[in-house]
Structures are given as structure tokens and as C-alpha cells.
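Just remember that our numbering sits 1076 ahead of the position in the sequence shown, which is counted from 1. Glycine included, every Cβ here is placed at the ideal spot set by N, Cα and C. Keep in mind that this is a model prediction, so the values were computed, not measured.
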Amino acid sequence: MSFTSASAWGKVILFGEHAVVYGRPAIAAPVSHVGVTVTVEAASQDVIIAQDIHQVILVWGASPDEPLSLTVRNTLAALDISTRPGLRLTVCSTIPIAAGLGSGAAVATAIVRALAAYFGRSLNPAEVAAIALETEKLFHGTPSGIDTTVIAFERPVYFRRGRPIETLQVRAPFWLAIGDTGQPALTKESVADVRRAWQHEAAKFDRIFDAVGEIVEQARCAIENGETTRLGPLMDQNQRWLREMDVSSPKLERLIAAARSAGAAGAKLCGGGRGGNMIALIAPEQGEQVRHALLSAGARNVIITRV
Ligand code: PMV
């Protein structure tokens, strides 16, 4: 019981962000190129050290509403562990914060997994996701649960709030370029703004959410039937509705246009929007060309990944 570590990947939302908060479906996939590793060891007192990609080291105390301490407390309660040594948790992440790649959910998931492993216990993915969701509430306010689900299950998922989780069979693989605007944007804020807009113009926003839900259903069929060429136009349509929700940004639009000009079949923002990352559907041989176009258009980082 001296030293244990566990990891969690990042994720992208392929279709349906924001509308998913209002009960419509969404599709997300894990991204193994970025992730979080958490190490747990015994210590004289409880401490959590978190280190992100910019090498900033933060030492967290045990304040009641600090997200990482909360995750530890919730996990120990779920595992029914009351007698224990002091714990030192070291969190190392390569997932950019506030960038739509699931950083908060991945940190929480890796902490839950690492503590369960440290105490020799096993939790299934649904149990891991449920504990991590409590932390997401601090990051997001009213999370749909899609981030914690896709990260805990490590499979592409079709997600609808309150419904049993459905993992997706990807009939034919497809490739994505993921471009980072380098502009951090808090999901909590974009989710709150969409909620205000929905409260103000409920009929309009319900129509938008329904239209996005329809795109998600079509995307699901395309993914399950291996009709990947259908996904590009569906991404473009989804992006038009995200613009209508006012969650895009000039930098996101610049990267989306650059990817499309370089030959991507479709592109959209992913996650909360207003900054963070975008995704573009590409043919595998287009990877370098689209990467170059995105970097020239100001992307801070580009990941090419296969779903
Ligand atoms: O910004 P991210 O990667 O955490 O994604 C948020 C997705 C939303 O649909 C905007 C919010 C949610 O809880 O589903």
C-alpha cells in the first residue's frame, strides 16, 4: 500500500454540446493523446500537489469546496474508508485547463481511480463517473455528465442525461484534427450564458436544441454504419447552431475556416466554446496539411487523432 498511480484520458464532444444540458443527446469520444496521472502515497498529513502542462505547481489545502479535496473526500466516503494514513496525491496533467478537452473531469476521474487502487478496491466505470460528477458540479455548475461518462468509460459514448449509458460501435474509424485556440474559456460561464438566453427566449432555444439533437441522431447512425463522410456536413451544421447559441469566438472561427480551407470535411468547436479547442474531420493523409494550416492560423497546439 505504499505507492499507487492511475490515469485518465481527455475527451472531445463530437456533437451536441450545450443542447445536452437540456436533455438532448450528444456524442463524445476519449482522446488518449492528453491525460492526467495521479500518484497516491502515505504522508504525515494530507496534501495534493497539482502540476499542469505549464509546470505550475499548486499545493491544495483541505478547504471544503476546493475541487480536488472534495474529490478525495467523496471517493473515501464512497469506498467507506474512515481509518487511513495521511495521503499525498500528486496530480500531473497534460490536458490544457478550460479548453474543452475535459481537464476537470479527467483530474477527478484519475483521483477516484488512484484512491480506489491505493486501497485495493475496485469501482466500475459508472461508479467512477458518479463520484467524478460531484466535482464537475463545482467546475461547471450544472454539468450534463457527458464528460465524466466518456472519460470513465474510455469509449465513444452516445449520452442522454438521465438515460442508461450507451457506448458506440464505431464501424469505420475516422480522423480528427483538434486545434487549440490557446484562449482559456470557463465552461461554467458559457453554460450560464446559454441558460440565461434560453430563459429569455425559450421557444427559440428549444428549437435550436431540437435541431442539434436531430444532428446527433444522424451522426450516431453514420458512425454506427461506417458512413464517415456524412460526419463532415453534420459538424458544419452543428457549428451553425453553436454560433446561434453565441458560444463560438473569432479565434475558433479562424481555426475552423483554416481547417476547412485546408481540406477538412467539416469542423466545429468542441466543449463549452468561446475559446478552447475545435475539431475538424480529416482524411488520414490530410493530417500534416491541416496541422500546418491550423498552426499558421494561430493554433497553440494541434492533435491528430483517430476515433
Ligand atoms: O467544456 P467541456 O469540455 O467541459 O464540455 C462542456 C460540455 C457542455 O455541454 C457545454 C456542458 C455539459 O455539462 O455538458
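Mapping DSSP to helix, strand and coil, what is residue i?
{"i": "H1094", "result": "coil"}
{"i": "S1145", "result": "helix"}
{"i": "A1279", "result": "helix"}
{"i": "C1297", "result": "helix"}
{"i": "R1164", "result": "strand"}
{"i": "P1106", "result": "strand"}
{"i": "I1358", "result": "strand"}
{"i": "Q1131", "result": "Reliability fails at Q1131, whose pLDDT of 48 lies under 50, so the model's placement of it is uncertain and no value is given."}
{"i": "S1266", "result": "helix"}
{"i": "G1342", "result": "strand"}
{"i": "D1156", "result": "coil"}
{"i": "E1290", "result": "helix"}
{"i": "I1284", "result": "helix"}
I'd like to confirm the pairing. Which residues does DSSP put opposite residue i in its beta bridges?
{"i": "W1274", "result": "DSSP output for W1274 lists no bridge partner at all."}
{"i": "D1122", "result": "In the DSSP output, where bridge partners are listed per residue, D1122 has none listed."}
{"i": "T1381", "result": "L1252"}
{"i": "E1242", "result": "Y1234"}
{"i": "G1086", "result": "V1107"}
{"i": "T1224", "result": "According to DSSP, T1224 bridges with nothing at all."}
{"i": "N1353", "result": "D1256"}
{"i": "Q1113", "result": "It is Thr, not Gln, that sits at residue 1113 in the sequence shown. Note: T1113 sits in a beta bridge opposite S1083 and C1168."}
Determine the extent of the beta strand (DSSP E) in which residue i is found, giving its start and end residues.
{"i": "P1249", "result": "Here P1249 belongs to no beta strand (DSSP E), and DSSP marks it neither H nor E."}
Terminal residues of the continuous alpha helix (DSSP H) containing residue i?
{"i": "T1211", "result": "P1201 to H1216"}
{"i": "G1363", "result": "G1363 to S1372"}
{"i": "L1191", "result": "S1179 to Y1194"}
{"i": "D1308", "result": "Position check: residue 1308 holds Gly in this sequence, whereas Asp was assumed. Looking at the DSSP string, the run of the alpha helix (DSSP H) that includes G1308 is L1307 to E1320."}
{"i": "L1331", "result": "P1326 to S1337"}
Could you check whether the Cβ of residue i sits closer than 6 Å to any heavy atom belonging to the ligand ATP?
{"i": "P1143", "result": "This structure lacks the ligand ATP; its bound ligands are the ligand PMV."}
Using a Cβ-Cβ distance cut-off of 7 Å, determine whether residue i contacts chain D.
{"i": "I1358", "result": "Included in the structure is just one protein chain, with no chain D present."}
Below 8 Å on the Cβ atoms is my guess for residue i versus residue j; work out the distance and round it to an integer in Å.
{"i": "A1082", "j": "G1092", "result": "About 29 Å; that fails the 8 Å criterion."}
{"i": "L1318", "j": "K1344", "result": "6 Å"}
{"i": "H1216", "j": "T1263", "result": "5 Å"}
{"i": "A1084", "j": "R1189", "result": "7 Å"}
{"i": "P1260", "j": "V1246", "result": "That belief does not hold up - the Cβ atoms of P1260 and V1246 are roughly 30 Å apart, past 8 Å."}
{"i": "G1112", "j": "A1182", "result": "Sequence inspection shows Val at residue 1112; the Gly mentioned does not correspond to that position. At roughly 5 Å, the Cβ-Cβ gap stays under 8 Å, so V1112 and A1182 are in contact."}
{"i": "V1114", "j": "T1166", "result": "7 Å"}
{"i": "R1239", "j": "S1220", "result": "Not quite, the Cβ-Cβ distance comes to about 11 Å (not below 8 Å), so this is no contact."}
{"i": "I1284", "j": "E1230", "result": "I1284 to E1230, Cβ: 31 Å. No contact."}
For this session: Decide if the region 1281 to 1296 is in contact with the region 1335 to 1343; the criterion is three or more beta carbon pairs, one per stretch, under 8 Å apart.
Result: Not touching, per the Cβ criterion.
Exercise. Does the region 1145 to 1163 come within contact of the region 1119 to 1127, defined as at least 3 CB pairs closer than 8 Å?
Worked result: Under the three-pair Cβ rule at 8 Å, the region 1145 to 1163 counts as touching the region 1119 to 1127.
Exercise. Is the number of C-beta pairs between the region 1319 to 1334 and the region 1349 to 1361 that are closer than 8 Å three or more?
Worked result: Yes, they touch.
Exercise. Are at least three pairs of beta-carbons, each pair with one atom in the region 1194 to 1201 and one in the region 1167 to 1184, less than 8 Å apart?
Worked result: The region 1194 to 1201 makes no contact with the region 1167 to 1184: fewer than 3 CB pairs, one atom from each, lie closer than 8 Å.
Exercise. Counting Cβ pairs, one atom from each stretch, are 3 or more of them under 8 Å apart for the region 1243 to 1261 and the region 1364 to 1372?
Worked result: Contact between the region 1243 to 1261 and the region 1364 to 1372 is present: three or more C-beta pairs spanning the two stretches fall below 8 Å.
For this session: Kindly confirm or deny that the region 1223 to 1238 and the region 1102 to 1118 touch, where touching means at least three C-beta pairs closer than 8 Å.
Result: Cβ pair count under 8 Å is three or more, so yes.
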